[in-house]
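Reading through the structure tokens given below for one structure.
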Amino acid sequence: MASESELFKLVGASSRTPTSLLMTQLEAVLSRCKDVNERSPSNSCTALHRAASRNRVEVVKRLLKVPGIDATLVDVSGFTPLMYACKRGYSNIARLLLTTVSKVNVTDGKGNNALHLLVTAGDDVTEAELMDVSALLLKAGLNVMERNDDDKLAAELTPPTRARLRAFLRSVESVGSVPLSPLLAVAAKGDAHSLHLLLTHGFTVFDVAEDGNTALHLATLGRHTDIVKRLVECGCPLDLMNDKGETAFMIAARSNARAIAGVLEESGANTTMRTLGPRPPTPHHTVCLAHVSHALRSFSPPPARVMNMCSAAGQQRRRCGLLRVCQPCAHICRHQEPAAAGGALCSGRCQGRAAGHGCAAAV
Numbered sequence: 495m496a497s498e499s500e501l502f503k504l505v506g507a508s509s510r511t512p513t514s515l516l517m518t519q520l521e522a523v524l525s526r527c528k529d530v531n532e533r534s535p536s537n538s539c540t541a542l543h544r545a546a547s548r549n550r551v552e553v554v555k556r557l558l559k560v561p562g563i564d565a566t567l568v569d570v571s572g573f574t575p576l577m578y579a580c581k582r583g584y585s586n587i588a589r590l591l592l593t594t595v596s597k598v599n600v601t602d603g604k605g606n607n608a609l610h611l612l613v614t615a616g617d618d619v620t621e622a623e624l625m626d627v628s629a630l631l632l633k634a635g636l637n638v639m640e641r642n643d644d645d646k647l648a649a650e651l652t653p654p655t656r657a658r659l660r661a662f663l664r665s666v667e668s669v670g671s672v673p674l675s676p677l678l679a680v681a682a683k684g685d686a687h688s689l690h691l692l693l694t695h696g697f698t699v700f701d702v703a704e705d706g707n708t709a710l711h712l713a714t715l716g717r718h719t720d721i722v723k724r725l726v727e728c729g730c731p732l733d734l735m736n737d738k739g740e741t742a743f744m745i746a747a748r749s750n751a752r753a754i755a756g757v758l759e760e761s762g763a764n765t766t767m768r769t770l771g772p773r774p775p776t777p778h779h780t781v782c783l784a785h786v787s788h789a790l791r792s793f794s795p796p797p798a799r800v801m802n803m804c805s806a807a808g809q810q811r812r813r814c815g816l817l818r819v820c821q822p823c824a825h826i827c828r829h830q831e832p833a834a835a836g837g838a839l840c841s842g843r844c845q846g847r848a849a850g851h852g853c854a855a856a857v
């Protein structure tokens, strides 16, 4: 068997060697080295593999600057240098490698990726460091939904003693039939701590799911007011429509999420946009729909204050900038529970009579 080169021997030298002496020797060896990606005849690792697996931060930093260095090569075990760093909990090495490595979804012979290996690292690494590296792996494109050969996600391998790490990984996992990026998943679940962690690690708020939903749509659907506020502060687009033709404000209006609707309106969301389709209602019509519908279910006959809602058409006209706005009672007759509306509101007391339960003043 061929002997190892002087580069391998130097990188594998005793950890007691002073760093300054080691780096001086490394410069001399690199000046004579013909192939920095040379593989060991015993296990196919490179000098970078060996340096990463031995937590030699300065050596890794120097090797990454060598022209032509390949940080994604795998050894006989299917490990990249990054995977060694993650498996052994060397967070500083992992951070260095993630500044240059683009291929992070490599798996070993058991189907484990770098995240699977990271969550089972030794107890000498702190949970905060593990969460930091996890976020960096996700930012680099690691698929958190990857299962190993035992059909396990990384979160399922996380020890109970690392509850915060497990919770973070669960929060970024996609849910439902539409795949979600980590940030979209966190917005949908309303995890403020995980959102903060992702944002501080370079994630942006401009992700869009396959169904057109943004983080703002998903946070609104989940009625997560604090998440909506944070997303707005970070510049998440206010008026993008999803595939159903709805903005986040429209969703808030439809679901009677008043706090969220208020946040969006105060932040400058367009409150006059219409959903897709023929003669759709504005968000203000949708708000009327929710309020009047609730009143119809709760009171028989409706009290005077419910009747007064019908006079809000003028106010709605001014807010929406529309030429004609159907009154709330007529709108409820046309679009929801016409029988109840007909019995309760169309009895001569209401200016917005809806003959035949049609909309008396459709826009």
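In the working numbering, the protein residues as written are 495 to 857.
We put the beta carbon where it would ideally sit given N, CA and C, even for glycine.
Out of the options, which one is the CA nearest neighbour of residue i?
{"i": "V570", "options": "C539, G605, S628", "result": "C539"}
{"i": "L520", "options": "N637, E552, V598", "result": "E552"}
{"i": "E500", "options": "L712, L710, T566, R526", "result": "R526"}
{"i": "R656", "options": "A634, E621, S509", "result": "E621"}
{"i": "V595", "options": "S508, Y584, D564", "result": "D564"}
{"i": "N707", "options": "D626, L691, P731", "result": "P731"}
{"i": "H690", "options": "T566, R533, L677", "result": "L677"}
{"i": "H610", "options": "A634, A649, A579, E623", "result": "A649"}
{"i": "R724", "options": "K646, R748, S688, S665", "result": "S688"}
{"i": "A709", "options": "V560, S628, N736", "result": "N736"}
Are the CB atoms of residue j and residue i within a distance shorter than 9 angstroms?
{"i": "P535", "j": "V554", "result": "no"}
{"i": "L631", "j": "V598", "result": "yes"}
{"i": "D720", "j": "A755", "result": "no"}
{"i": "T652", "j": "R641", "result": "no"}
{"i": "N531", "j": "M577", "result": "no"}
{"i": "A546", "j": "A579", "result": "yes"}
{"i": "V757", "j": "V722", "result": "yes"}
{"i": "R738", "j": "G716", "result": "Going by the sequence as given, residue 738 is Lys instead of Arg. For K738 and G716, no; Cβs fall outside 9 angstroms."}
{"i": "A629", "j": "F662", "result": "yes"}
{"i": "V638", "j": "V666", "result": "yes"}
Sort out for me which residues DSSP pairs residue i with in a bridge.
{"i": "T708", "result": "V702"}
Pull up the distance between the alpha-carbon of residue i and that of residue j, whole angstroms please.
{"i": "R548", "j": "V613", "result": "19 angstroms"}
{"i": "V702", "j": "V568", "result": "34 angstroms"}
{"i": "T698", "j": "D733", "result": "17 angstroms"}
{"i": "L557", "j": "G605", "result": "28 angstroms"}
{"i": "S508", "j": "L590", "result": "22 angstroms"}
{"i": "L692", "j": "E498", "result": "42 angstroms"}
{"i": "S585", "j": "T766", "result": "50 angstroms"}
{"i": "I587", "j": "L515", "result": "20 angstroms"}
{"i": "K581", "j": "G616", "result": "8 angstroms"}
{"i": "D626", "j": "L674", "result": "21 angstroms"}
{"i": "D529", "j": "T513", "result": "23 angstroms"}
{"i": "I745", "j": "A753", "result": "12 angstroms"}
{"i": "C728", "j": "G762", "result": "14 angstroms"}
{"i": "G583", "j": "E623", "result": "9 angstroms"}
{"i": "T714", "j": "N750", "result": "11 angstroms"}
{"i": "T511", "j": "M517", "result": "10 angstroms"}
{"i": "G506", "j": "V523", "result": "13 angstroms"}
{"i": "K646", "j": "T593", "result": "28 angstroms"}
{"i": "G562", "j": "E760", "result": "53 angstroms"}
{"i": "N537", "j": "V560", "result": "22 angstroms"}
{"i": "L636", "j": "F700", "result": "18 angstroms"}
{"i": "R658", "j": "E740", "result": "35 angstroms"}
{"i": "A747", "j": "V726", "result": "17 angstroms"}
{"i": "T566", "j": "P654", "result": "31 angstroms"}
{"i": "H695", "j": "R664", "result": "18 angstroms"}
{"i": "R533", "j": "L504", "result": "14 angstroms"}
{"i": "V786", "j": "N764", "result": "Caution applies to V786, whose pLDDT of 49 falls short of 50 and renders its modelled position unreliable; the model cannot decide the point."}
Below 8 angstroms on the Cβ atoms is my contact criterion, and I expect residue i with residue j to pass it. Report the Cβ-Cβ distance as a whole number of Å.
{"i": "D602", "j": "F573", "result": "6 angstroms"}
{"i": "F502", "j": "R544", "result": "7 angstroms"}
{"i": "V672", "j": "D644", "result": "So it is not a contact: roughly 27 angstroms between Cβ atoms."}
{"i": "A742", "j": "H718", "result": "Not a contact, Cβ separation roughly 11 angstroms."}
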